[in-house]
Amino acid sequence: MSDGAQPMVRAEGVRKSFGQVEVLKGIDLDVQSGEVVCVIGPSGSGKSTFLRCINHLEQVTAGRLWVNGHLVGYRERGGKLYELRDKEVSAQRRDIGMVFQRFNLFPHMTALENVMEAPVQVKGVRKADARRRGIELLERVGLAERVHNYPNQLSGGQQQRVAIARALAMEPSLMLFDEPTSALDPELVGEVLDVMRGLAQSGMTMVVVTHEMGFAREVGDKLVFMDDGVVVEVGDPRQVLGDPQHVRTRAFLSKVL
Amino acid sequence: MAAEAPDTTRPAPPEPIEAVPVRHPGRWIATAVIAVLAAMFVHMLVTNPVFQWDFMLDNMFTPAVLRGAQTTLIMTVLAMVLGVVLGIVLAVMRLSPNPVVSGTAWTYIWFFRAIPRIVLLFFCANLGAMYGTYELGIPFDQQLMGWLGLSGDLRFLGLDGNQIFAGFTAGLLGLVLSEGAYMAEIVRAGIQSVDPGQVEAANALGMSRGKAMRRIVLPQAMRVIIPPTGNETIAMLKDTSLLIAVPVTTELNFQLRAIGSRTFQIIPMAVASILWYLALSSLLMVGQHFLERRFSRGFGTRETKAQRAARQAREIGNTK
Numbered sequence: 001m002s003d004g005a006q007p008m009v010r011a012e013g014v015r016k017s018f019g020q021v022e023v024l025k026g027i028d029l030d031v032q033s034g035e036v037v038c039v040i041g042p043s044g045s046g047k048s049t050f051l052r053c054i055n056h057l058e059q060v061t062a063g064r065l066w067v068n069g070h071l072v073g074y075r076e077r078g079g080k081l082y083e084l085r086d087k088e089v090s091a092q093r094r095d096i097g098m099v100f101q102r103f104n105l106f107p108h109m110t111a112l113e114n115v116m117e118a119p120v121q122v123k124g125v126r127k128a129d130a131r132r133r134g135i136e137l138l139e140r141v142g143l144a145e146r147v148h149n150y151p152n153q154l155s156g157g158q159q160q161r162v163a164i165a166r167a168l169a170m171e172p173s174l175m176l177f178d179e180p181t182s183a184l185d186p187e188l189v190g191e192v193l194d195v196m197r198g199l200a201q202s203g204m205t206m207v208v209v210t211h212e213m214g215f216a217r218e219v220g221d222k223l224v225f226m227d228d229g230v231v232v233e234v235g236d237p238r239q240v241l242g243d244p245q246h247v248r249t250r251a252f253l254s255k256v257l
Numbered sequence: 001m002a003a004e005a006p007d008t009t010r011p012a013p014p015e016p017i018e019a020v021p022v023r024h025p026g027r028w029i030a031t032a033v034i035a036v037l038a039a040m041f042v043h044m045l046v047t048n049p050v051f052q053w054d055f056m057l058d059n060m061f062t063p064a065v066l067r068g069a070q071t072t073l074i075m076t077v078l079a080m081v082l083g084v085v086l087g088i089v090l091a092v093m094r095l096s097p098n099p100v101v102s103g104t105a106w107t108y109i110w111f112f113r114a115i116p117r118i119v120l121l122f123f124c125a126n127l128g129a130m131y132g133t134y135e136l137g138i139p140f141d142q143q144l145m146g147w148l149g150l151s152g153d154l155r156f157l158g159l160d161g162n163q164i165f166a167g168f169t170a171g172l173l174g175l176v177l178s179e180g181a182y183m184a185e186i187v188r189a190g191i192q193s194v195d196p197g198q199v200e201a202a203n204a205l206g207m208s209r210g211k212a213m214r215r216i217v218l219p220q221a222m223r224v225i226i227p228p229t230g231n232e233t234i235a236m237l238k239d240t241s242l243l244i245a246v247p248v249t250t251e252l253n254f255q256l257r258a259i260g261s262r263t264f265q266i267i268p269m270a271v272a273s274i275l276w277y278l279a280l281s282s283l284l285m286v287g288q289h290f291l292e293r294r295f296s297r298g299f300g301t302r303e304t305k306a307q308r309a310a311r312q313a314r315e316i317g318n319t320k
């Protein structure tokens with residue numbers, strides 16, 4: 001990392017195998033601070049796995065992955081790698097928010113309790129402060145009326161917006177989105193994308209695995225096309241979507257556009 | 001018609017249906033049969049002299065019996081609370097990635113589920129015969145001191161075996177050891193019923209594994225754990241009558257039977273026993289109901305207190 005501005009995420013030759021199956025076959029990618037990077041590709045291309053490696057939900061089998069200059073999941077000393085302890089991994093993840101395809105809200109807690117949980121339990125924020133901040137965040141995602149509802153009393157789009165507020169409550173410097181609109185009814189996709197667009201405009205660094213080409217074109221600073229465990233093409237979204245250079249990118253886009 | 005109804009564009013509402021309902025003669029026959037059987041049963045209860053209702057009522061609330069009921073309830077609650085704690089520990093061990101830890105839990109469950117409670121209770125009652133005193137200290141202390149060339153031992157606490165493993169404590173020990181094995185399987189099923197995405201979400205928020213278990217997984221597992229635990233509690237209430245193997249003589253069934261055999265009124269006191277256990281298990285069912293309601297939060301469609309308050313506030317705001 002010799003260049004002056006340190007990238008938020010740097011991947012060098014990242015590989016990941018599940019048993020015999022190699023899902024990631026050497027990913028190189030930089031995400032600069034404040035950048036919105038959208039990752040597209042056919043299912044099974046490894047894009048979700050790569051995203052999950054960034055916050056160590058999956059352990060990489062080869063290569064190096066840094067977030068904010070810190071090696072993910074390991075400590076390097078004297079040319080040797082040491083696995084981090086559970087507590088240290090947890091500490092690394094505090095800086096990284098994640099939004100899941102299936103929301104994964106805590107069903108036994110109200111929307112507000114979902115948002116308050118991590119600040120209170122992990123950061124030790126006082127309950128009153130966490131509550132005030134939680135209500136603010138839920139207002140920001142347009143759910144001021146729904147703070148006391150349980151997840152099963154909310155629509156999919158509302159649940160996903162609570163999930164975004166929950167991730168933001170930890171004040172992350174990087175947000176990961178794993179197909180955030182894929183489990184939603186078509187008419188609910190817009191409300192979630194609106195929140196994400198606002199977040200992007202506020203300067204948040206985001207890595208978004210998505211099938212929403214319109215969002216990628218309009219909001220993304222960079223578009224990554226992955227196929228079969230490798231990055232096939234990276235570039236300006238308008239350019240990649242409008243004039244794909246690689247034959248595999250063209251084949252994929254002709255199916256989805 | 002048109003003069004009466006100015007709105008002629010809307011068709012008249014259809015007439016409500018008036019049809020002859022399907023008859024269910026089978027239901028009437030079944031009801032009649034059950035009514036006759038019930039009448040016969042009540043008639044027997046009233047006319048058969050063996051029941052001695054007055055005698056039963058006079059003797060089922062004596063101070064000794066009430067103390068027995070108290071012992072039974074306290075034993076049930078203590079054995080269940082400790083059994084649940086042991087069960088949670090065993091279940092977490094069973095799900096551990098460490099094969100030695102999970103194997104230990106498996107062996108424990110295998111062993112204690114195999115032993116009939118009455119056999120285990122009898123064994124626990126006689127632990128005093130294995131060692132005279134039970135001491136707490138550093139393992140292999142005598143060998144250790146020998147190597148260091150010192151004499152003496154490293155023990156802090158000694159208890160008389162015959163004293164600890166008698167009566168109540170022996171009975172409690174046996175019931176807890178056995179219950180822990182059953183509860184471990186119930187808790188494990190509960191933990192495994194929670195969507196793995198929940199742990200991922202908790203981890204992604206920076207929660208450690210232990211915290212995710214305590215704050216996210218166990219509260220959700222409780223919903224699955226409570227109904228079979230209610231079963232276990234009622235079974236435990238009844239199994240306290242096995243304490244006769246220790247023996248714990250202050251327990252409810254023993255007290256009622258003692259009156260029965262002393263006075264040769266076996267049936268009345270047996271019925272008294274039935275009624276007592278019925279009453280106590282009904283009491284426990286009430287407790288279960290409230291526990292279930294507490295842990296089903298977020299799974300029903302019930303309105304919470306805060307939601308009701310918010311809705312009422314909105315409605316008042318709307319009417320203004």
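Protein chains in written order, with UniProt numbering: chain A, 1 to 257; chain B, 1 to 320. Even for Gly, the Cβ is constructed at its ideal location relative to N, Cα and C.
Beta strand (DSSP E) segment containing residue i, residue limits
i, result
"Val99(A)", "96-99"
"Thr133(B)", "133-137"
"Met226(A)", "222-227"
"Arg131(A)", "Segment 127-140 is the alpha helix (DSSP H) holding Arg131(A); no beta strand (DSSP E) there."
"Ile27(A)", "21-31"
"Gly63(A)", "62-67"
"Val176(B)", "Looking at the DSSP string, Val176(B) is not in any beta strand (DSSP E); the run it does join, the alpha helix (DSSP H), is 167-192."
"Arg77(A)", "74-77"
"Glu12(A)", "9-18"
"Val207(A)", "205-209"
Spatial neighbours of residue i in its chain, beta-carbon cut-off 7 Å, leaving aside the 5 residues before and after
i, result
"Leu78(B)", "Leu172"
"Gln59(A)", "Gly73"
"Arg248(A)", "Asp227, Val232"
"Asp3(A)", "In this predicted model, Asp3(A) has a pLDDT of only 48, less than 50, meaning its place in the structure is not dependable; the value taken from the coordinates is given anyway. None."
"residue 284(A)", "Outside the displayed range of chain A (1 to 257) lies residue 284(A), so it cannot be described from this structure."
"Ala91(B)", "Ala184, Val187, Arg188, Ile191"
"Phe103(A)", "Gln159, Gln160, Ala163"
Endpoints, alpha helix (DSSP H) assigned at residue i
i, result
"Thr249(B)", "Neither: Thr249(B) is in no alpha helix (DSSP H) and is coded neither H nor E."
"Phe50(A)", "47-54"
"Phe55(B)", "53-59"
"Arg209(B)", "209-212"
"Leu213(A)", "Strictly speaking, residue 213(A) in this sequence is Met, with Leu absent from that position. Element bounds for Met213(A): 213-219."
Cβ-based burial, residue i [other Cβ within 10 Å; buried from 16]
i, result
"Lys80(A)", "exposed"
"Pro172(A)", "buried"
"Lys123(A)", "exposed"
"Asp239(B)", "buried"
"Ile17(B)", "exposed"
"Val39(A)", "buried"
"Thr263(B)", "exposed"
"residue 321(B)", "Beyond the ends of chain B as shown, which are 1 and 320, falls residue 321(B); an answer cannot be given."
"Ala39(B)", "exposed"
Cα-Cα separation between residue i and residue j, rounded to whole angstroms
i, j, result
"Met80(B)", "Arg214(B)", "20 Å"
"Ser17(A)", "Phe50(A)", "11 Å"
"Glu179(A)", "Gly142(A)", "21 Å"
"Arg64(A)", "Ala11(A)", "6 Å"
"Gly19(A)", "Gly13(A)", "19 Å"
"Asp95(A)", "Gly206(B)", "8 Å"
"Ala2(B)", "Glu15(B)", "With a pLDDT of only 45 at Ala2(B), under the threshold of 50, the placement of this residue in the model should not be trusted, and no figure is reported."
"Gly137(B)", "Gly287(B)", "41 Å"
"Phe254(B)", "Met269(B)", "11 Å"
"Leu29(A)", "Leu168(A)", "24 Å"
"Arg293(B)", "Thr62(B)", "36 Å"
"Ala64(B)", "Ser273(B)", "14 Å"
"Lys320(B)", "Val147(A)", "Here the model assigns Lys320(B) a pLDDT of 45, short of 50, so the residue's position is not dependable, and the following value carries that caveat. Each residue's Cα considered, the two are about 24 Å apart."
"His108(A)", "Asp86(A)", "25 Å"
Other residues of its chain near residue i: CB distance less than 6 Å, five sequence neighbours each side excluded
i, result
"Leu243(B)", "Gly171, Glu251"
"Val50(B)", "Ile267"
"Ala69(B)", "Leu252"
"Asp141(B)", "Asp153, Leu154"
"Val246(B)", "Leu121, Ala125, Ala170, Gly171"
"Leu193(A)", "Phe215"
Close-in-space but distant-in-sequence residues of the same chain around residue i (CB under 8 Å, 5 per side omitted)
i, result
"Arg131(A)", "Leu112, Met116"
"Ala200(A)", "Val36, Met206, Val219"
"residue 322(B)", "Any property of residue 322(B) remains undetermined from this structure, which presents chain B solely from 1 to 320."
Original post:
Between the segment 217-233 of chain B and the segment 100-113 of chain B, do at least 3 Cβ pairs fall closer than 8 Å?
Top reply: Touching, no, given that fewer than three Cβ pairs across the two stretches are closer than 8 Å.
Original post:
Is there contact between the segment 140-159 of chain B and the segment 190-205 of chain B, where contact requires at least three CB pairs shorter than 8 Å?
Top reply: Contact fails: fewer than three Cβ-Cβ distances are below 8 Å.
Original post:
Okay, do the segment 262-282 of chain B and the segment 85-100 of chain A touch, 3+ Cβ pairs below 8 Å being the bar?
Top reply: Contact between the segment 262-282 of chain B and the segment 85-100 of chain A is not established, with fewer than three Cβ pairs separated by less than 8 Å.
Original post:
Counting pairs of beta carbons, one from the segment 140-160 of chain A and one from the segment 182-191 of chain A, are three or more of them closer than 8 Å?
Top reply: Short answer: they touch.
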